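Heads up: the structure comes next, in structure tokens.
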Ligand SMILES: [Zn+2]
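In my numbering, the protein residues as written are 120 to 617.
Here's what the structure looks like:
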């Protein structure tokens, strides 16, 4: 059976499902194709729909249920293999760090001792299928215990009565027989709580479903597996990275998991997000589709009630992957705020930050500190000069669409090669020059510089004349900020006695 990438929560589900299938049925049962699709062996798919008891001898060892009696036996006689696989995988998921409290883990341990599949399902249900869980209304508290097995069977694509009518599934596109129970045919945000759009965040952007849109039993049963593709981030939120290729998503999911386990839970979310992005870029470069690639990072609250998305449009990915300077500068700055403004192409915000940093440096750490806090929310200003340099590179890359670093280097060199005395006098005027530049008074800024040069009986160098010949206002600003910032470079680096 072939799967095509669709909405993010469906993609997450396919990733979770495919991981589970290859875990129990071997890597060969799942194939990740280069065109972004995914294929699962038909014989596995049909086995998954059959009651556990019926095919117990054909199941891989790790999927064979323990010998049981009573409700547990009823469960494996009626519920499909798919439901049993989901329970085992969800129990494993709950055992991962941060996903369940101590008391809950005790409960799991006890149930595992009893080896009762029904008891295990009830534990999973109490966590995920009731009011506070991600599948809030799938098997709600109102259902009597004797009906639970029947509901599980229906939800996980077991036997179900249908009527003589066929419709198309809006996720996989296949035609299916309409279930007799009409509620079963539709998905809404009560069944998959986190798939609804969050308040104030791109309304309807990632939620294209109306309750009247039909979903086939197969897709519905797979949707529950989305949970298993989520990786718990250090802030407690679940993370999922969505792209338009299952092959890529699988790699991203693996990386995400690795980073989450390597980095301790208390590590700041900023570092975490930056490293995720770093991995993402490393991987994305090995895929040929990247120039048309959209990557989204979903963050789902720990109670599954809301999700938000960070969206990286294709032209930004192209800039990131096409220019080493840009991605290196972003990595080095370790700031989610800067990254987000880069993604939004908010060059005004970045310019303001560059202005504040430059002002901070030329005033030897006195000016603009409050404002700087409000911009990057950091009290550690030790790295202001590194930050300033990286920001110059980033803005330059954005203005020149990936290039321009040579121009920037020329400006820096012009500042560095000035005679020391002239440099000192320029430094004294730098605050005024900076303000004139910020307010767009190009002539006044030029006058201040010319005057200083004249006082030293020195002719303006070509590089400086080039700065003022710059037609584009933004490029001019960037160059002059860089020039002024670099005049202070020596005193910054030699400032060890401070
Ligand atoms: Zn479907």
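For each residue, glycine too, the CB sits at the ideal point set by N, CA and C.
These numbers come from a predicted model, not from an experiment.
Under three-state DSSP, which class holds residue i?
i	result
residue 358	strand
residue 122	strand
residue 460	helix
residue 365	helix
residue 571	helix
residue 296	strand
residue 332	coil
residue 589	coil
residue 258	coil
residue 199	strand
residue 496	coil
residue 281	strand
residue 158	strand
residue 320	Reliability fails at residue 320, whose pLDDT of 46 lies under 50, so the model's placement of it is uncertain and the value that follows must be treated cautiously. Residue state, collapsed to three classes: coil.
residue 234	coil
residue 539	helix
residue 527	helix
residue 176	helix
residue 219	coil
residue 486	coil
residue 210	helix
residue 576	coil
residue 327	Here the model assigns residue 327 a pLDDT of 47, short of 50, so the residue's position is not dependable, and the following value carries that caveat. Residue 327: coil per DSSP, three-state reduction.
Since residue i and residue j should fall inside the 8 Å C-beta cutoff, what is the C-beta to C-beta distance between them, to a whole number of angstroms?
i	j	result
residue 534	residue 587	Not really, about 14 Å apart at Cβ, beyond 8 Å.
residue 419	residue 362	The pair is not a contact, with the Cβ atoms about 17 Å apart (cut-off 8 Å).
residue 129	residue 290	5 Å
residue 198	residue 171	6 Å
residue 480	residue 507	6 Å
residue 521	residue 604	With a Cβ gap of about 22 Å, residue 521 and residue 604 do not count as contacting.
residue 348	residue 131	4 Å
residue 214	residue 158	No, residue 214 and residue 158 are not in contact; Cβ-Cβ is about 30 Å, not under 8 Å.
residue 546	residue 607	6 Å
residue 144	residue 179	6 Å
residue 206	residue 243	6 Å
residue 281	residue 297	6 Å
residue 364	residue 124	7 Å
residue 136	residue 344	4 Å
Is any heavy atom of ligand 1 found at a distance shorter than 7 Å from the C-beta of residue i?
i	result
residue 273	no
residue 276	no
residue 284	no
residue 334	yes
residue 290	yes
residue 337	yes
residue 596	no
residue 623	Here the chain comprises residues numbered 120 to 617, so residue 623 is not present and cannot be evaluated.
residue 121	no
residue 142	no
residue 529	no
residue 293	yes
Which residue or residues does DSSP assign as beta-bridge partners of residue i?
i	result
residue 426	419
residue 286	295
residue 597	None, per the DSSP bridge assignment.
residue 414	431
residue 518	None, per the DSSP bridge assignment.
residue 151	157
residue 350	358
residue 253	For residue 253, which the question treats as bridged, DSSP gives no partner whatsoever.
residue 170	199
State yes or no: is the C-beta of residue i nearer than 7 Å to some heavy atom of ligand 2?
i	result
residue 227	The ligand content of the structure shown is limited to ligand 1, which means ligand 2 is not among them.
Is the region 466-478 in contact with the region 553-563, if contact means three or more CB pairs nearer than 8 Å? yes
Could you check whether the region 432-452 touches the region 506-515, counting it as contact only if at least three pairs of C-beta atoms, one from each stretch, sit closer than 8 Å? yes
Per the contact definition of three or more C-beta pairs closer than 8 Å, is the region 274-284 in contact with the region 233-245? no
Between the region 185-205 and the region 145-162, do at least 3 Cβ pairs fall closer than 8 Å? no
Do the region 170-186 and the region 248-260 touch if we need at least three Cβ pairs shorter than 8 Å? no
Report yes or no: do three or more beta-carbon pairs, one from the region 260-274 and one from the region 224-233, lie closer than 8 Å? no
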